[in-house]
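Okay, so here's the structure we're looking at.
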Amino acid sequence: MNYEDGWDFNKASWPIVTLITGTLACCVPLLMMKSWDLNVMGGGDETATSLGVNVRRVRIVTMVVATLLVACIVCFTGTIGDTSVLDISDGLLVDTWAEEILSTWINDEVTV
Numbered sequence: 000m001n002y003e004d005g006w007d008f009n010k011a012s013w014p015i016v017t018l019i020t021g022t023l024a025c026c027v028p029l030l031m032m033k034s035w036d037l038n039v040m041g042g043g044d045e046t047a048t049s050l051g052v053n054v055r056r057v058r059i060v061t062m063v064v065a066t067l068l069v070a071c072i073v074c075f076t077g078t079i080g081d082t083s084v085l086d087i088s089d090g091l092l093v094d095t096w097a098e099e100i101l102s103t104w105i106n107d108e109v110t111v
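Residues 0 to 111 (numbering that gives the first Met the number 0) are what the sequence shown spells out, left to right.
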């Protein structure tokens with residue numbers, strides 16, 4: 000089930016909600032258990048290894064869990080990148096689903 004036009008709560012069903020909740024219930028505790036290891040890895044691989052963290056295993060587990068979460072979310076919400084892309088060029092702020100919006104870009108600040 001792919002919601003190209005965005006999430007519509009009228010189309011949601013209990014099996015979908017159950018699957019998303021189950022995925023979150025499995026993945027969030029895994030990430031919470033690895034949170035200390037991930038924080039230590041922020042100081043560098045050598046530091047994490049010296050504190051007893053298996054850096055390779057933590058990286059693999061984190062990537063698998065993050066990939067599973069993203070895949071589940073994108074599967075049911077659809078790819079929304081096309082609808083939220085903003086283009087700032089030639090003084091126009093353009094949404095791919097909207098009309099052109101006049102804007103100015105001065106000193107890293109966009110004024111609409």
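Ideal Cβ positions, reconstructed from N, Cα and C, are used throughout, including at glycine.
query	result
Closest residue to M70 among A11, S12, W13 and L23 (Cα-Cα distance)	Looking at the sequence itself, residue 70 is Ala, so the reference to Met does not match. The candidate whose alpha carbon is nearest that of A70 is L23.
The segment 14-21 / the segment 33-51 touching (three or more Cβ pairs under 8 Å)	no
Spatial neighbours of C26 in its chain, beta-carbon cut-off 7 Å, leaving aside the 5 residues before and after	V64, L67 and L68
CB of S29 within 8 Å of CB of V73, strictly	A small fix is needed here, since residue 29 is Leu in this sequence, not Ser. No, the Cβ-Cβ distance between L29 and V73 is not below 8 Å.
Endpoints, the alpha helix (DSSP H) within which A11 is located	Segment: none, A11 is in no alpha helix (DSSP H) and carries neither H nor E.
P14 versus M62 - alpha carbon distance	26 Å
First and last residue of the uninterrupted alpha helix (DSSP H) at L50	Note, L50: premise wrong, no alpha helix (DSSP H); not H, not E.
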